[in-house]
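The numbering of the sequence shown is the working numbering, which starts it at 812 and goes up by one.
Using N, Cα and C, we set each Cβ at its ideal position, and we do this for glycine too.
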Amino acid sequence: MGPGGLARLHGLFAAYKPPGLKWKHLRDTVELQLLKGLNAGKPPAPEQRVRFLLGPVEGSEEKELTLTAASVPTLTDHPLVCGPTFTSLKVGVGHRLDAQASGVLVLGVGRGRRLLTDMYNAHLTKDYTVRGLLGKATDDFCEDGRLVEKTTYDHVTREKLDRILALIQGSHQKALVMYSSLDLQTQEAYEMAVRGLIRPTDKSPMLITGIRCLHFAPPEFLLEVQCMHETQKQLRRLVHEIGLELKTTALCSQVRRTRDGFFTLDDALLRTQWDLHSIQDAIQAAAPRVAAELEKSLRPEPGTQQLPGLGRPWDSKGPSSGLGLESCAGH
C-alpha cells in the first residue's frame, strides 16, 4: 500500500463504540489497524545494482579468481533493514463518549481532523436513546453506582412523564432562541427555524431540541433525546431530575448515541470493520455528504440580524425547565 492508499484516508468516518470501552482505546486501536494495513502491502521490488564479485574463472582447471560483473538487489530500503514505511498516523476524535456510553463516535484521519473543528463550530445536534429505571437513586446516577435511596413508583404514569418531557423541551427551545442571538422578526430567521437550522452562536449549556418517551413499562422507560453541547453525565442527571419531578427516584441504565450530526448508526463501523479497506470505503462514501452538510450548516444566512444584548447567559446556571433541572456547559 503506497501513498495512494494514504491519500484515500483523509476525511471523516464513524465507528460504533461499545459500552465499557474508552474512546482513547478505540482511537488507538483504529490507528494501529490503519498502520498495519498500510504496511501490509507487498513492498516494491528492490533496486538492482551492478557489483563486481570475486569468483573462479569459468572453464579453468586452475584455482584462479577474477572479478565478474553481477546484478544484485539493494537492501537499504528493505523493511527488515529500515523498518516499516508508515510508523505514525494522526487520528482525531470528535464529540467524545465516556466509557459507559455507547454509539456513534466520529473520527478524523489526516487532514480530516480539520473537519472535526468544522463540525464543532456548526453546533450540530446529536440523538441519544437514554434508558431509565424508576425507584432507585445512586450517587453517580448510573445503575452500577452506590445505591443511596429506594422509592415507590406505582403512581407514575405515561401521561405524567409526557407532561414533564414537554415542559423540558419547551424550556430548552426558548433558551436555544436566546443563545442563537437571532432576530426572529425576519423572514430568513423564520425559515431557519422551520428548517431546524437555529444554532447557538457560541458555547452554551446543554440544549435539548427534542425529547420524547419511546417506551414506558415501569420500572423501565426509554427516552429519545435530541440535544447539543451535552455530556453523557448531564443526560444521566437529566433522568435523575425527571424522577424527582415525578415524585420518585430514577437512575440511568444506558446512554446510547444514535446520531452525531450527519453520521448515524448505519454509518458506524463495527469493531470487526476497523480495518484499512473498510475505513477507506467509509471515508470516501461520506465525503460528499460531509462537504454538503458542513457548507449548509456553516454558511451564514443572508438577511439574518443579531439582536444586541441577547448573547447573555440564560441565567447563572444555564437553561432551566422550571422543574429544577439544571444544565452546565458541555461539549
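Please report the straight-line C-alpha distance between residue i and residue j, rounded to a whole angstrom.
i: residue 1056; j: residue 972; result: 9 Å
i: residue 975; j: residue 1081; result: 36 Å
i: residue 1013; j: residue 957; result: 36 Å
i: residue 1155; j: residue 1101; result: Given that the chain is displayed from residue 812 to residue 1142, the structure contains no residue 1155 and the question cannot be resolved.
i: residue 1078; j: residue 1027; result: 28 Å
i: residue 1117; j: residue 992; result: Here residue 1117 scores only 38 on pLDDT, less than 50, and its place in the model should not be relied on; the value that follows carries that caveat. About 5 Å.
i: residue 1036; j: residue 939; result: 5 Å
i: residue 1109; j: residue 921; result: 22 Å
i: residue 964; j: residue 1038; result: 27 Å
i: residue 990; j: residue 933; result: 14 Å
i: residue 881; j: residue 894; result: 27 Å
i: residue 1090; j: residue 846; result: 12 Å
i: residue 982; j: residue 923; result: 36 Å
i: residue 1083; j: residue 978; result: 42 Å
i: residue 1047; j: residue 1041; result: 11 Å
i: residue 812; j: residue 859; result: Note on residue 812: pLDDT 49, under 50, position unreliable in the model; the coordinate value appears next. Between residue 812 and residue 859, the C-alpha separation is close to 22 Å.
i: residue 898; j: residue 967; result: 58 Å
i: residue 874; j: residue 867; result: 7 Å
i: residue 998; j: residue 1043; result: 36 Å
i: residue 1119; j: residue 1045; result: Note on residue 1119: pLDDT 34, under 50, position unreliable in the model; the coordinate value appears next. Between residue 1119 and residue 1045, the C-alpha separation is close to 30 Å.
i: residue 861; j: residue 876; result: 19 Å
i: residue 826; j: residue 865; result: 59 Å
i: residue 1092; j: residue 817; result: 12 Å
Going by Cα to Cα distance, which pick from the options is closest to residue i?
i: residue 896; options: 1088, 843 and 850; result: 850
i: residue 980; options: 1049, 831 and 912; result: 1049
i: residue 1075; options: 1091, 916, 848 and 1046; result: 916
i: residue 962; options: 953, 949 and 970; result: 949
i: residue 1031; options: 1097, 1061 and 1067; result: 1061
i: residue 824; options: 1040, 1066 and 926; result: 926
i: residue 1171; options: 1044, 935 and 905; result: Summary: the structure shown does not reach residue 1171, with the chain confined to residues 812 through 1142, and so no result is reported for it.
i: residue 829; options: 908, 882 and 968; result: 908
i: residue 900; options: 841, 1002 and 831; result: 841
i: residue 819; options: 1088, 1104 and 1046; result: 1088
i: residue 1029; options: 1042, 977, 1044 and 1054; result: 1054
i: residue 831; options: 1105, 1093, 1066 and 1047; result: 1066
i: residue 1072; options: 861, 1044, 968 and 1103; result: 1103
For residue i, does the count of other Cβ atoms within 10 angstroms reach 16, so buried, or fall short, so exposed?
i: residue 839; result: exposed
i: residue 790; result: As shown, the chain starts at 812 and ends at 1142. That puts residue 790 outside it, with no answer to give.
i: residue 928; result: exposed
i: residue 941; result: buried
i: residue 1010; result: buried
i: residue 937; result: buried
i: residue 884; result: exposed
i: residue 913; result: buried
i: residue 1095; result: exposed
i: residue 1016; result: buried
i: residue 833; result: exposed
i: residue 970; result: exposed
i: residue 943; result: buried
i: residue 1113; result: Because the pLDDT of residue 1113 is 45, which lies under 50, any placement of that residue in the model is unreliable, and the number read from its coordinates should be weighed accordingly. Exposed, by the Cβ-count rule.
i: residue 1068; result: buried
i: residue 1105; result: buried
i: residue 947; result: buried
If contacts are defined as beta-carbon pairs under 8 Å, then residue i and residue j qualify, I think. What distance do you get, rounded to the angstrom?
i: residue 1059; j: residue 945; result: 6 Å
i: residue 1086; j: residue 844; result: 5 Å
i: residue 1022; j: residue 1033; result: The pair is not a contact, with the Cβ atoms about 12 Å apart (cut-off 8 Å).
i: residue 1018; j: residue 987; result: 5 Å
i: residue 757; j: residue 1098; result: Only positions 812 to 1142 of the chain appear in the structure, and residue 757 is not among them; the question remains open.
i: residue 886; j: residue 857; result: 7 Å
i: residue 1064; j: residue 954; result: 4 Å
i: residue 759; j: residue 1051; result: Given that the chain is displayed from residue 812 to residue 1142, the structure contains no residue 759 and the question cannot be resolved.
i: residue 930; j: residue 903; result: No, residue 930 and residue 903 are not in contact; Cβ-Cβ is about 11 Å, not under 8 Å.
i: residue 1020; j: residue 996; result: That pair is no contact at about 22 Å.
Please confirm whether any heavy atom of the ligand HEM lies closer than 7 Å to the CB of residue i.
i: residue 980; result: Ligands are entirely absent from the displayed structure, and the ligand HEM is therefore not among its contents.
Problem set entry | Contiguous alpha helix (DSSP H) assignments of at least 4 residues, all confined to the stretch 872–951 | 890–893 and 924–932
Problem set entry | Inside the stretch 1038–1063 only - alpha helix (DSSP H) runs reaching at least 4 residues | 1043–1056
For this session: Taking only runs that begin and end inside the stretch 967–1029, name each unbroken beta strand (DSSP E) of 3 or more residues, in chain order.
Result: 1018–1028
For this session: Please list the segments of the beta strand (DSSP E) lying wholly inside the stretch 831–870, counting only runs of 3 or more residues, in order along the chain.
Result: 859–867
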